Every structure is written in C-alpha cells, then in structure tokens.
Amino acid sequence: MAMTGVLRPGHAQLRVMNLEDGVRHYRDVLGMVETGRDAQGRVYLKCWDERDHSSLILREADRAGIDFFAFKVLDPATLDTLESDLRAYGLTTERFPAGELLETGERVRFEIPSGHLIELYAEKTAVGNGLQVLNPAPWTPAKENGVAPVRLDHCLLYGPNIAEVQKIFTEVLGFYLVERVLTPDGDGNAAIWMSCSHKVHDIAFVEHPEPGKLHHLSFLLETWEEVLRAADILSMNKVPLDIGPTRHGVTRGCTIYAWDPSGNRFETFMGGYQPYPDYAPTTWTFDGLGAGGGLDYPQRKLHESFLTVVS
Amino acid sequence: MSHQVLIEETGERYDCGEHESLLVAMARSGRRGIPLGCRGGGCGVCKVQVTSGDFTAGVMSRQHVSEDDQARRCVLACRVFPRADVSVKVLGKMHRAVCTAAGLGPVPASK
Ligand code: FES
Ligand SMILES: [Fe+2]
Chain R
1 MAMTGVLRPG
11 HAQLRVMNLE
21 DGVRHYRDVL
31 GMVETGRDAQ
41 GRVYLKCWDE
51 RDHSSLILRE
61 ADRAGIDFFA
71 FKVLDPATLD
81 TLESDLRAYG
91 LTTERFPAGE
101 LLETGERVRF
111 EIPSGHLIEL
121 YAEKTAVGNG
131 LQVLNPAPWT
141 PAKENGVAPV
151 RLDHCLLYGP
161 NIAEVQKIFT
171 EVLGFYLVER
181 VLTPDGDGNA
191 AIWMSCSHKV
201 HDIAFVEHPE
211 PGKLHHLSFL
221 LETWEEVLRA
231 ADILSMNKVP
241 LDIGPTRHGV
251 TRGCTIYAWD
261 PSGNRFETFM
271 GGYQPYPDYA
281 PTTWTFDGLG
291 AGGGLDYPQR
301 KLHESFLTVV
311 S
Chain A
1 MSHQVLIEET
11 GERYDCGEHE
21 SLLVAMARSG
31 RRGIPLGCRG
41 GGCGVCKVQV
51 TSGDFTAGVM
61 SRQHVSEDDQ
71 ARRCVLACRV
81 FPRADVSVKV
91 LGKMHRAVCT
101 AAGLGPVPAS
111 K
C-alpha cells in the first residue's frame with residue numbers, strides 16, 4: 001500500500017504525578033532515550049530506534065492520564081487538507097505553533113466524541129536512531145538498556161461514542177477497522193481496533209461512560225524472548241504488572257500490561273499480523289473477549305481490571 | 001515495623017508494614033476480590049476512609065481524591081502507609097469488592 005495521509009502514531013503527552021519518578025520509569029526501566037526538557041518542565045523521550053525527536057512527553061500534573069495522542073502525517077500540504085476535511089466534517093480544530101512542543105512543527109488539534117484530544121502534525125526534527133545512514137550497524141547499545149522497545153506503537157483509549165469516533169477515523173482520516181468486539185446484545189461495538197497502516201492497530205477504543213480515559217500506551221518489541229525479558233526487568237524494578245506475559249486473541253499480540261508510577265497503564269508487546277484495508281474486520285462477541293480468549297488467549301478469562309482500571 | 005489494619009465493615013484485621021501500602025498488604029493477606037489496580041494512586045479503584053490511626057500518604061490523583069476528601073481522610077489505599085494501627089472504611093469499588101467477598105449485604109450509594 002502507498003503510505004500517504006496519516007503515517008503513524010507520533011507522540012503522546014502523559015500526565016505523571018511526580019516528574020522524576022516518571023522519567024526514571026520511562027528512561028531507566030523502559031529504557032527510552034531522554035531527548036529534551038522544555039521551559040514548562042516537560043520531559044521528552046523516544047524509543048531507541050525511533051528517528052524523530054520524541055514520542056513520549058511527560059507533564060507533571062495533579063492527576064494521571066493522557067493529555068493528547070498525535071499522528072504524524074505525510075507533509076504540510078496533507079496537514080492542511082486533513083484540517084479542512086475535519087472542519088468540513090463538523091469538528092472544531094485548533095492550530096498550535098511550531099516549537100510549542102520541542103522540535104515539532106505546527107499541530108492541528110481536535111477533540112473527538114470520546115473526549116480525547118487528537119493531534120496531527122507533519123514535521124518533527126529527525127534526530128536519528130544513533131546509527132549512521134550509510135552502511136549502518138543493526139543496533140546500538142541503547143537496544144539493551146532496560147526493556148528497550150523499538151517504538152511507540154499504538155494506544156487504547158476509553159470513552160463514550162466510539163461509533164462516532166470510528167466514523168471520524170475511517171471517513172476523514174483514512175483508517176480502516178481491523179478488529180472489533182460486539183456489545184453484549186450484539187447491536188454495536190464495545191471495542192474497535194483501527195489501522196492507518198499495515199499494523200493491527202494504530203489506535204483502539206473501548207466504549208466507556210467516562211470520557212477521555214487512557215487504558216494503555218503500547219511499545220513494540222521484536223521477539224517473544226524480549227517480552228519475557230521485559231517481564232523480568234519490570235519485576236526486578238517492582239513495577240506492578242496487570243496481565244501477562246500472554247497472548248491476546250484480539251490482534252494476536254504477545255503482551256504484558258503494567259503500570260507506571262502514576263498509575264498509567266503501558267504495554268510492551270510483540271507480534272500480531274499484517275492486515276490490509278480490503279480485509280474484512282475480525283469480529284469477537286462480548287463473551288469472546290473473555291471466554292473466547294480475546295483478551296488473554298491461553299487463560300480465556302476477562303481479567304476484571306481490563307474493563308475497570310483506567311487513568 | 002508492622003501495624004494492624006481493621007476493616008470496619010467486616011471486622012477483619014491484617015498486618016501492614018510501614019513501607020507497604022494498605023492495599024498491597026490487604027491483597028497479600030489473602031482476601032479475595034481486592035481490586036488490585038494501578039497501585040500508583042492514578043486509577044481510583046482503591047478508595048478508603050481512614051477513621052483512626054496515623055499514616056503517611058504518597059501523591060494521589062486529584063481526579064479521585066479532592067482536597068475535601070483528603071481532609072476527611074478519604075484516600076487511595078495504594079498510597080497510604082500506616083504509622084500506627086489504623087481503622088478503615090472501604091468506599092466505592094473497594095466497598096463492593098470487600099463486602100461481597102465477606103458475604104455482606106447490599107452496597108450503600110458511595111462515590
Ligand atoms: S490501585 Fe489505582 S489508585 Fe489505588
Ligand atoms: Fe495494546
């Protein structure tokens with residue numbers, strides 16, 4: 001497929017209740033690279049193999065949760081087009097100037113009916129992954145620092161009106177539905193996984209009465225061995241684990257859910273498959289999420305925390 | 001040093017060290033149905049009111065614990081570390097989980 005329009009998740013801004021505890025977690029335990037701090041005190045990090053300046057921004061606040069989740073688009077012209085498409089669809093958009101986030105160009109922000117702020121941007125300084133562009137080595141020592149995921153992969157958000165959210169992502173932003181879980185009565189969707197690429201999800205939503213909630217930010221590993229190593233590292237550092245290591249039936253991802261020191265859940269995972277936009281979406285019944293192994297394929301149970309614990 | 005925690009609704013008691021949160025110690029004591037959430041004061045599933053006894057508290061989300069709540073010692077059990085024997089009332093999801101597991105009756109409206 002030609003990669004145009006929305007390219008990939010770019011950055012997430014997360015609220016942490018103690019900045020340095022948050023930095024220690026994401027930099028020293030998860031093993032991300034700290035790339036900057038701004039005048040507001042926000043801390044910027046990236047995964048070792050990401051090329052752009054930052055994918056995670058930590059902001060100290062009196063509560064946990066996510067401020068916004070952003071996607072990088074192909075170029076400034078695409079940003080203008082998508083902005084006018086969003087407005088034509090009836091959404092209000094707001095522009096943030098270049099530099100409001102370090103090393104990041106203009107951003108277009110809009111609120112979706114689930115109560116989340118989503119951003120699009122076209123430019124972020126490419127600081128590189130520490131490897132030469134010509135005849136590079138396959139990895140750097142940063143690949144072995146902490147859990148060391150290769151990239152921010154996707155997020156799962158909880159909020160109301162996910163049917164409307166799905167329309168915005170699929171009809172305006174060019175995403176397609178990869179998998180879904182039906183509501184208990186089978187009439188609607190309780191959860192949706194959507195892709196703007198060849199990945200099983202770039203963003204996912206669960207229908208939930210409270211708006212604007214974060215279920216998890218997810219970071220990609222390359223092998224199952226690395227997921228098991230992540231579990232060891234998290235446990236050595238007394239990071240509270242939620243579920244895993246196990247495999248999701250939904251998306252087939254092999255996963256660990258755990259919490260950062262402020263109670264924001266994060267995932268480290270590998271695997272899945274490579275869907276195309278012409279694939280029919282995979283459907284799970286609501287029972288299938290639990291007893292069918294949608295959440296946890298080996299254990300076939302709906303861990304209670306999945307539907308009740310968010311930040 | 002370890003202190004005793006009394007759950008008022010059920011009369012159950014358990015031990016909790018000074019560096020251990022009320023929530024983690026409660027789960028470790030083997031009670032069923034304890035909602036073990038984020039353990040970082042962010043998700044709000046573990047709310048209790050400390051009705052007596054000294055404690056120290058770590059930072060917790062204002063979304064779940066207002067200044068008013070905190071003044072009434074309504075706090076998140078995962079961020080509370082006892083300094084003496086304490087008594088607690090379980091609130092919200094904690095109430096439902098603890099009282100249902102103990103076979104106690106319906107849940108009063110609580111936030
Ligand atoms: S377990 Fe999440 S706030 Fe206590
Ligand atoms: Fe995920």
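Listed in order, the protein sequences are those of chains R and A.
Heads up, the first sequence is in my numbering, so the first residue is 1 and it goes up one at a time.
Heads up, the second sequence is in my numbering, so the first residue is 1 and it goes up one at a time.
Beta carbons: idealized from backbone N, C-alpha and C, even for Gly.
Predicted, not measured: the structure shown is a model, and the values here were computed from it.
query = Excluding the five sequence neighbours on either side, which residues of its own chain have a C-beta within less than 7 Å of the C-beta of T100/A, listed in chain order?
reply = For the purposes of this step, residue 100/A is taken as the residue at position 100 of the second sequence. Closer than 7 Å at the Cβ level, and outside the excluded window around T100/A, lie G33.
message = Between A191/R and V206/R, how many whole angstroms is the CB-CB distance? I'm expecting something under 8 Å.
response = Along the first sequence, one-based indexing puts residue 191/R at 191. Along the first sequence, one-based indexing puts residue 206/R at 206. About 5 Å; that satisfies the 8 Å criterion.
Using 8 Å as the cut-off, can you tell me whether the segment 194 to 201 of chain R makes contact with the segment 284 to 302 of chain R, which would need three or more C-beta pairs spanning the two stretches below that distance?
Note that the segment 194 to 201 of chain R does not touch the segment 284 to 302 of chain R; fewer than 3 beta-carbon pairs, one per stretch, sit closer than 8 Å.
Problem set entry | A280/R beta carbon near ligand 2 (any heavy atom closer than 8 Å) | Numbered from 1 along the first sequence, position 280 holds the residue referred to as residue 280/R. No - ligand 2 has no heavy atom lying nearer than 8 Å to the Cβ of A280/R.
Inset, instruction - Pull up the CB-CB distance for E111/R and L120/R, whole angstroms please, since I reckon it's below 8 Å. - result: Within the first sequence, residue 111/R is the residue found at index 111, counting from 1. Within the first sequence, residue 120/R is the residue found at index 120, counting from 1. So it is not a contact: roughly 13 Å between Cβ atoms.
**Request:** Please determine, among V24/A, A97/A, Q63/A, A84/A, the residue with the shortest C-alpha to C-alpha distance to V50/A.
**Result:** Taking the second sequence and counting its residues from 1, one reaches residue 50/A at position 50. It is A84/A whose Cα lies nearest to the Cα of V50/A.
Please list the partners that V80/A has in chain R, where partner means a Cβ-to-Cβ separation under 8 Å.
If you number the second sequence from 1, residue 80/A lands on position 80. Under the 8 Å cutoff, chain R gives no residues; its nearest Cβ is about 14 Å from V80/A.
Just to confirm, does H64/A get its C-beta within under 8 Å of one of the non-hydrogen atoms of ligand 1?
Here residue 64/A refers to the residue found at position 64 of the second sequence. Result yes, Cβ under 8 Å from ligand 1.
Determine the chain A residues that contact N264/R at a beta-carbon separation under 7 Å, and present them in chain order.
Numbered from 1 along the first sequence, position 264 holds the residue referred to as residue 264/R. Going along chain A in sequence order, the residues near N264/R (Cβ under 7 Å) are G42.
Query raised in the report: Does any heavy atom of ligand 2 sit closer than 8 Å to the C-beta of E315/R?
Result: Missing from the structure shown is residue 315/R; chain R here goes from 1 to 311 and no further.
- Query: Can you list, in chain order, the residues of its chain whose CB lies under 6 Å from that of Y158/R, leaving out five sequence neighbours each side?
  - Reply: Position 158 of the first sequence, counted from the first residue, corresponds to residue 158/R. For Y158/R, where only same-chain residues beyond five positions count, the Cβ hits under 6 Å are V206, H208, K213, H215, V310.
Per DSSP, the bridge partner or partners of Y158/R
Position 158 of the first sequence holds residue 158/R. The partner list for Y158/R (beta bridge, DSSP) reads V206/R, K213/R.
* Asked: Three-state secondary structure (DSSP) at K111/A?
  -> The residue labelled residue 111/A in the question sits at position 111 within the second sequence. Caution applies to K111/A, whose pLDDT of 43 falls short of 50 and renders its modelled position unreliable; the model cannot decide the point.
| said: ligand 1 and G33/A: does any heavy atom of the ligand fall closer than 8 Å to the residue's C-beta? | reply: One-based indexing of the second sequence puts residue 33/A at position 33. G33/A: no, Cβ never under 8 Å from ligand 1.
(Q) Give me the chain A residues within the contact set of D75/R, using Cβ-Cβ distance strictly less than 8 Å, ordered along the chain. (A) Within the first sequence, residue 75/R is the residue found at index 75, counting from 1. By Cβ distance, chain A contributes nothing, its closest Cβ being about 37 Å from D75/R, past 8 Å.
(message) In this structure, how does DSSP classify Y89/R when only helix, strand and coil are distinguished?
(response) Within the first sequence, the letter at position 89 stands for residue 89/R. Looking at Y89/R - three-state DSSP - the assignment turns out to be helix.
Problem - Buried versus exposed, by CB contacts within 10 Å (16 or more), Y315/R - result: The structure shown does not extend to residue 315/R, since chain R is modelled only from 1 through 311, so no value can be given for it.
When you measure from the CB of M236/R to every non-hydrogen atom of ligand 1, does any distance come out below 8 Å? As a first step, residue 236/R is located in the first sequence; it is residue number 236 there, counting from the start. No, ligand 1 has no heavy atom inside 8 Å of this Cβ.
task = Could you check the C-alpha separation between S87/A and D69/A for me, to the nearest Å?
result = As a working mapping, residue 87/A is identified with position 87 in the second sequence. As a working mapping, residue 69/A is identified with position 69 in the second sequence. In a straight line, the C-alpha of S87/A is about 17 Å away from that of D69/A.
Please list, in chain order, the chain R residues whose beta carbon lies closer than 7 Å to that of Q63/A. For the purposes of this step, residue 63/A is taken as residue 63 along the second sequence, with counting starting at 1. Residues of chain R passing the Cβ test: R63.
**OP:** Establish whether the CB of P211/R and some CB of chain A are separated by less than 9 Å.
**Re:** Numbered from its first residue, the first sequence carries residue 211/R at position 211. Under the Cβ criterion of 9 Å, P211/R is not counted among the residues facing chain A.
task: List the residues of chain A that T308/R touches, going by C-beta distances under 8 Å, in chain order.
output: The count along the first sequence starts at 1 and reaches residue 308/R at position 308. What T308/R touches in chain A: P35, G37, V45, K93.
| request: Check the DSSP bridge columns for R317/R and list the partner residues they point to. | output: Limits of chain R in this structure are 1 at one end and 311 at the other, which puts residue 317/R out of reach.
Taking a contact to mean a Cβ-Cβ separation below 9 Å, would you say T268/R touches S305/R in this structure? Counting from 1 along the first sequence, the entry for residue 268/R is found at position 268. Counting from 1 along the first sequence, the entry for residue 305/R is found at position 305. No, the pair does not count as a contact, with Cβ atoms beyond the cut-off.
| said: List, in chain order, every chain A residue whose beta-carbon is nearer than 9 Å to that of D260/R. | reply: Translated into the one-based positions of the first sequence, residue 260/R becomes position 260. In chain order: C38, G40, G42.
Taking 9 Å as the CB-CB limit, is M17/R close to chain A?
As a first step, residue 17/R must be located in the first sequence, where it is residue number 17. Chain A, which has a Cβ nearer than 9 Å to the Cβ of M17/R, makes this yes.
Review point. List, in order along the chain, the chain R residues whose C-beta lies closer than 7 Å to that of V59/A?
Key: As a working mapping, residue 59/A is identified with position 59 in the second sequence. Those within 7 Å of V59/A in chain R are M17, N18.
Beta carbon of R265/R nearer than 9 Å to that of C38/A: Counted from its first residue, the first sequence places residue 265/R at position 265. Counted from its first residue, the second sequence places residue 38/A at position 38. Contact flag set, yes.
- Task: List the DSSP bridge partners of N189/R.
- Result: Counted from its first residue, the first sequence places residue 189/R at position 189. The beta-bridge partner set that DSSP reports for N189/R consists of L182/R.
Checklist entry - Quick one: does the C-beta of H303/R sit closer than 8 Å to a heavy atom of ligand 2? => result Here the question's residue 303/R lines up with position 303 in the first sequence. The answer is no for H303/R.
query: Helix, strand or coil for Y44/R per DSSP?
result: Counting from 1 along the first sequence, the entry for residue 44/R is found at position 44. Secondary structure at Y44/R: strand, using DSSP grouped into helix, strand and coil.
DSSP three-state assignment for M270/R, whether helix, strand or coil: For the purposes of this step, residue 270/R is taken as the residue at position 270 of the first sequence. The DSSP-derived three-state label of M270/R is strand.
- Roughly how many angstroms separate the alpha carbons of V147/R and S52/A, rounded to a whole number? As a first step, residue 147/R is located in the first sequence; it is residue number 147 there, counting from the start. As a first step, residue 52/A is located in the second sequence; it is residue number 52 there, counting from the start. Between V147/R and S52/A, the C-alpha separation is close to 42 Å.
Review point. DSSP on W139/R, reduced to helix/strand/coil?
Key: Against the first sequence, residue 139/R aligns to sequence position 139. In the structure shown, W139/R adopts coil according to DSSP, grouped into three states.
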